[in-house]
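Novice:
Number of protein chains: 2
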Amino acid sequence: IAEDKLLGGLLADGFDGQSCLSRYQSILYRKALPYKPSPYLVSKLRKYEDLHKRCGPNTPSYNKAVEQLKSGSNVVGTTDCKYVVWVWYSGLGNRILTLASVFLYALLTERVLLVDRGNDMASLFCEPFPERSWFLPMNFPIAKMFNSFDQKSAESYGNLLKNNMIKASMGSLPSYVYLHLAHDYDDHDKLFFCDDDQALLKRFTWLVVKTDNYFVPSLFLMPSFEDELKKLFPNKETIFHHLGRYLFHPSNHVWGIVTRYYKAYLARADERIGIQVRIFDKGPGPYQYVKDQISACTIGEKLLPEVDTRRLAVNPSKNPKVKAVLMTSLVYGYYENMKNIYWEHPTVTGDIIGVHQPSHEEQQRSEKPLHNMKALAEMYLLSLTDVLVTSAWSTFGYVAQGLGGLKPWILYKSENQTTPNPPCQRAMSMEPCFHAPPFYDCKAKEGIDTGKVVPHVRHCEDISWGLKVVDRYTE
Amino acid sequence: IAEDKLLGGLLADGFDGQSCLSRYQSILYRKALPYKPSPYLVSKLRKYEDLHKRCGPNTPSYNKAVEQLKSGSNVVGTTDCKYVVWVWYSGLGNRILTLASVFLYALLTERVLLVDRGNDMASLFCEPFPERSWFLPMNFPIAKMFNSFDQKSAESYGNLLKNNMIKASMGSLPSYVYLHLAHDYDDHDKLFFCDDDQALLKRFTWLVVKTDNYFVPSLFLMPSFEDELKKLFPNKETIFHHLGRYLFHPSNHVWGIVTRYYKAYLARADERIGIQVRIFDKGPGPYQYVKDQISACTIGEKLLPEVDTRRLAVNPSKNPKVKAVLMTSLVYGYYENMKNIYWEHPTVTGDIIGVHQPSHEEQQRSEKPLHNMKALAEMYLLSLTDVLVTSAWSTFGYVAQGLGGLKPWILYKSENQTTPNPPCQRAMSMEPCFHAPPFYDCKAKEGIDTGKVVPHVRHCEDISWGLKVVDRYTE
Ligand SMILES: Nc1nc2c(ncn2[C@@H]2O[C@H](COP(=O)(O)OP(=O)(O)O)[C@@H](O)[C@H]2O)c(=O)[nH]1
Ligand SMILES: Nc1nc2c(ncn2[C@@H]2O[C@H](COP(=O)(O)OP(=O)(O)O)[C@@H](O)[C@H]2O)c(=O)[nH]1
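Chains as they are written, first to last, in the numbering used here: chain A, 1250 to 1724; chain B, 1250 to 1724.
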């Protein structure tokens, strides 16, 4: 149990349990997972923790690096620690994925990760690293500029290149670079994913990243990271699974929301089925074609039993199970529809289906603190289910599948407000999809289908141009 | 178990189990109840069943009585069975109570009860009597007139008296009397509750009753029924409890709705708390003062634990229980409010509170068949809880408390849209309240407070002018 509590060595021991109950309690809510972190990953994490302790906020090294940042120029050799700052940006699911991506980048480049807490990071998550905070101190010199950073910023790597402000040959460099890796990044910004550019970026003490993409798949296409990634993740589809469970421990407030819901509605069922309904169509819904799609998928894939609309009688079967469906959605109608179907009719198997929806916030309202706490709690609750159905395109679902170590059935995005046929597909891997990858061959300096370069980086099930990492997969 | 299945002899044995699963399965969903029917009641019911078999629809006796009815006059001695016809009228909760009242009247007067099936009676309930149906045949001569019967009908007992159409001295009487016992009945109609009038009514083969009142308490004030009632119900507060469980067996369709909900949401909790929210204020609600009232009652009476709004931490208590709240209401807001309170905050006891609402139909829509099936299922589900909170004035709640053998906490009706203080009161007895009783002393022929005549008929907790039967109660 001691090793279990640390998730196979993934977590460091010795944290105070009370201040972050989720850290060592999560094991109580999950079945034993088959995926163990590699010893190499474990030792890499312990080394990172040492680095973070030495270089983290308010250490002498940090203070020195901040002085250099304030000075405005990047004199190589005056600092002993290098940093990558993650800027608070986009929806919560997106942020969880980007923070994991930036952390992996930090591991690969031996940088210290510092987190811009934004509105809510400190209320949502516990500290993941021992002793030193992962949060950027409030008085960080350029913190006020984060909000204004965008594709047009002169400080961005793409624009610095475009305007010939930096070159490998230069002796003096700016004191930081802004990495614009958001969906609207351009071809210059995308050079971040080329080894030569990484060599240049290595010279900067401070990198500041704004992204809404899980860019890990493209790191797998870079020769400079290849060996290290292979050693860290012998099972290639467990990257977010391990890093997510390492980094994201819900705060006590959120953990209360998770565990109370779990105990009140899910714990005593014989089986738990998560259904994440996230519809990107215009208008609030609910839509009939989505209701039909959910039924077609769950019944067609035998995740839920069919109802018996003819007999309308109680079906006394041998050993019926009680199954709890956890449905998450911004709206109420999908839940109500399924709940009523299984209330009004018996199932052909005699199994009893209870349907539960924690919240229906109607709109994405990321500024309300409780709203995001519930959103995080719901991703986490989905990750505690035995069988998961997610919606195409949604990072909310990716987080759930990754934390839970689940290969979900993905509900296809509908075209023209009709039910797709087939309605869903089983995921190839539990890794998230990179929605806006570069299609560029850094060596040949020309366009390329980056989903066809190596067998373990493929196009996603839900977004044809997206990329995701798979372990073994044969079509 | 055999005797248990028959609820202590209340039910006749030998029914086919499959055609009415609820009849012998209800015992599986209720704790053993402390209230046993008296041997006298049991034998009275068996005798009634024999009478019903002999006189019920389409028997020679019935056919003879129908011929007499068609003939238009009531020649005493030509028929061997007498009937009381219950007319379909008012909301479902009301109907259940009035049907039980009329059945008790039939028992006391040795009449055969026949039921006007209306829109839905046949789809809601199983047949309660062996072999012969309780439903009035479709071709019953005056069935088409039922709908038009009202306070002004010339055929009503009150109007017949007022117009001197009947008197004890008359040899020939009309072939039937309409008994108007609805809320708007007048002083002449109310003479039904006088022994002299009962003597006159005895001479009629056919009585037809329309009522929305549980008029049993006033039967207890009639000397002619006193002895018999004492023998039937030595425990005076179990009248509806026994008669309701004897008469009302949900149909297989409704039973499926009851049992699936119970198994999916309630069965596995450590304790079940029913809260019936029925607000008679204008406008749909939800109202804050009602939300406050529900909390004030459930927490003040220690039916539910208080939440801990200060610490916001998970409270690891020794042996926390999972309690399921079953809330029924036409609207959604009260449920959502309570569900969120117990989701967002821990309780001071560490107990986990799940909140469940089967439907929220928004409006009373008695014409939809599924609507009434759900309404019946919800009354029944409330009756399966361990602790019950009901709303003042509501027959829906009375049915639940009676079937369940529960003394509920009654939420007072609010005045001026404010939370009453105290918010609720424990009921004196599980009997329903008679909302519109007569205040008349038949002997003295003058007004009287009928709530002060005998110790076991008192004014109700929720309606000061109402009457209810209590067993033992000291103020
Ligand atoms: N509570 C809750 N919030 C949701 C749900 N779906 C979407 N949201 C909200 O909408 C935001 C969506 O952004 P994000 O998490 O990045 O996911 P994505 O847009 O699906 O990729 C979430 O962070 C929530 O604030 C849901 O099922 N439950
Ligand atoms: N399903 C459901 N229906 C309700 C509820 N409250 C009221 N109704 C509907 O409104 C009707 C109210 O009439 P009745 O049963 O006579 O109860 P009363 O008006 O409360 O005395 C019910 O029969 C239902 O059709 C509820 O909580 N659930």
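From the three backbone atoms N, C-alpha and C, an ideal C-beta is built for every residue, glycine too.
Smallest Cα separation from His-1502 (chain B): which of B:Val-1539, B:Met-1622 and B:Glu-1486?
Specialist: B:Met-1622
Novice: With which residues is Glu-1695 (chain A) paired in a DSSP beta bridge?
Specialist: A:Asp-1690
Novice: For Phe-1474 (chain B), which residues does DSSP report across the bridge?
Specialist: None; Phe-1474 (chain B) has no bridge partner.
Novice: With DSSP collapsed to three states, give me the class of Thr-1414 (chain A).
Specialist: Note on residue identity: the sequence assigns Met, not Thr, to residue 1414 (chain A). DSSP places Met-1414 (chain A) in coil when its eight states are reduced to three.
Novice: Tell me the rounded alpha-carbon separation between Arg-1366 (chain A) and His-1705 (chain A).
Specialist: 34 Å
Novice: Strictly under 8 Å for the Cβ-Cβ distance: is Tyr-1364 (chain A) near chain B by that measure?
Specialist: The question names Tyr, but residue 1364 (chain A) is Val in the sequence shown. So no, Val-1364 (chain A) is outside the interface.
Novice: From the DSSP output, read off the bridge partner residues of Arg-1559 (chain B).
Specialist: According to DSSP, Arg-1559 (chain B) bridges with nothing at all.
Novice: If you measure from the CB of Glu-1610 (chain B), is any heavy atom of ligand 2 nearer than 7 Å?
Specialist: yes
Novice: Taking Pro-1687 (chain A) as the reference, which of A:Gly-1493, A:Glu-1680, A:Lys-1701 and A:Ser-1678 has the closest Cα?
Specialist: A:Lys-1701
Novice: Can you tell me whether Met-1419 (chain A) is buried or exposed? The criterion is at least 16 other CB atoms within 10 Å of its CB, across all chains shown.
Specialist: exposed
Novice: Going by other Cβ atoms of all chains shown within 10 Å of its Cβ, with 16 needed for buried, is Glu-1724 (chain A) buried or exposed?
Specialist: Annotation note: pLDDT 48 at Glu-1724 (chain A) (below 50); position unreliable, coordinate value reported separately. Under this definition Glu-1724 (chain A) is an exposed residue.
Novice: Which residues of chain B have a Cβ atom closer than 9 Å to the Cβ of Val-1571 (chain A), listed in chain order?
Specialist: Lys-1512, Ala-1513, Ala-1516 and Arg-1517
Novice: Below 7 Å, is the gap between the Cβ of Glu-1627 (chain A) and the nearest heavy atom of ligand 1?
Specialist: yes
Novice: Determine, using beta carbons only, whether Leu-1579 (chain B) comes closer than 8 Å to chain A.
Specialist: no
Novice: Any contact between the segment 1536-1556 of chain A and the segment 1630-1650 of chain A? By contact I mean 3 or more CB pairs, one from each, below 8 Å.
Specialist: The answer is yes - the segment 1630-1650 of chain A touches the segment 1536-1556 of chain A, with three or more Cβ pairs under 8 Å.
Novice: So Leu-1575 (chain A) is in the beta strand (DSSP E); what residue range does that whole segment cover?
Specialist: 1571-1578
Novice: Going along chain B, which residues have a C-beta under 7 Å from Trp-1642 (chain A)?
Specialist: Under the 7 Å cutoff, chain B gives no residues; its nearest Cβ is about 28 Å from Trp-1642 (chain A).
Novice: Could you please tell me which residues of the segment 1691-1702 of chain A, in chain order, have their CB closer than 7 Å to any CB of chain B?
Specialist: none
Novice: Going along the chain, which residues of its own chain have a beta-carbon closer than 6 Å to the beta-carbon of Leu-1410 (chain B), five neighbours each way excluded?
Specialist: His-1437
Novice: In this structure, how does DSSP classify Gln-1674 (chain A) when only helix, strand and coil are distinguished?
Specialist: strand
Novice: So for Glu-1520 (chain A), helix, strand or coil by DSSP?
Specialist: If DSSP states are grouped into helix, strand and coil, Glu-1520 (chain A) belongs with the strands.
Novice: Identify whether Gln-1537 (chain B) lies in helix, strand or coil by the three-state DSSP scheme.
Specialist: helix
Novice: What does the alpha-carbon distance come out to for the pair Asn-1670 (chain A) and Asp-1530 (chain A)?
Specialist: 18 Å
Novice: Out of B:Asp-1433, B:Arg-1452, B:Pro-1386 and B:Phe-1395, which has the shortest C-alpha to C-alpha gap to Ile-1415 (chain B)?
Specialist: B:Arg-1452
Novice: Compute every distance between the C-beta of Val-1721 (chain B) and the non-hydrogen atoms of ligand 1, then say whether any falls below 7 Å.
Specialist: Sequence inspection shows Arg at residue 1721 (chain B); the Val mentioned does not correspond to that position. No, the Cβ of Arg-1721 (chain B) stays beyond 7 Å of every heavy atom of ligand 1.
Novice: Along chain B, in chain order, which residues have C-beta atoms closer than 8 Å to that of Trp-1592 (chain A)?
Specialist: Correct list: Ile-1506, Arg-1509, Tyr-1510, Ala-1513 and Pro-1607.
Novice: Is Val-1361 (chain B) near Leu-1300 (chain B), with beta carbons less than 8 Å apart?
Specialist: Contact flag set, yes.
Novice: Of all Cβ atoms in chain A, is any one closer than 8 Å to the Cβ of Gly-1603 (chain B)?
Specialist: yes
Novice: Which residues in the same chain have their Cβ closer than 6 Å to the Cβ of Thr-1460 (chain B), if we skip the five residues on either side of it in sequence?
Specialist: Non-local beta-carbon contacts of Thr-1460 (chain B) in its own chain, meaning distances under 6 Å to residues more than five positions away in sequence, involve Thr-1347, Leu-1430 and Ala-1431 in chain order.
Novice: What residue from B:Leu-1481, B:His-1708, B:Lys-1331 and B:Ala-1448 has the CA that sits closest to Arg-1295 (chain B)'s CA?
Specialist: B:Leu-1481
Novice: Rounded to a whole number of angstroms, what is the C-alpha to C-alpha distance between Ser-1643 (chain A) and Leu-1579 (chain B)?
Specialist: 35 Å
Novice: At a CB-CB cut-off below 8 Å, which residues of chain E make contact with Pro-1595 (chain A)?
Specialist: Absent from the structure: chain E. Protein chains present are A and B.
Novice: Which residues in the same chain as Arg-1344 (chain B) place their Cβ atom closer than 6 Å to its Cβ, once the five residues preceding and following it in sequence are excluded?
Specialist: Correct list: empty, nothing qualifies.
Novice: Which whole-angstrom value describes the C-beta separation of His-1594 (chain A) and Glu-1610 (chain A), a residue pair presumed to lie in contact below a C-beta threshold of 8 Å?
Specialist: That pair is no contact at about 29 Å.
Novice: With DSSP as the reference, label Arg-1381 (chain A) as helix, strand or coil.
Specialist: coil
Novice: Consider the C-beta atom of His-1620 (chain B) and the heavy atoms of ligand 2; say whether any pair is separated by less than 7 Å.
Specialist: yes
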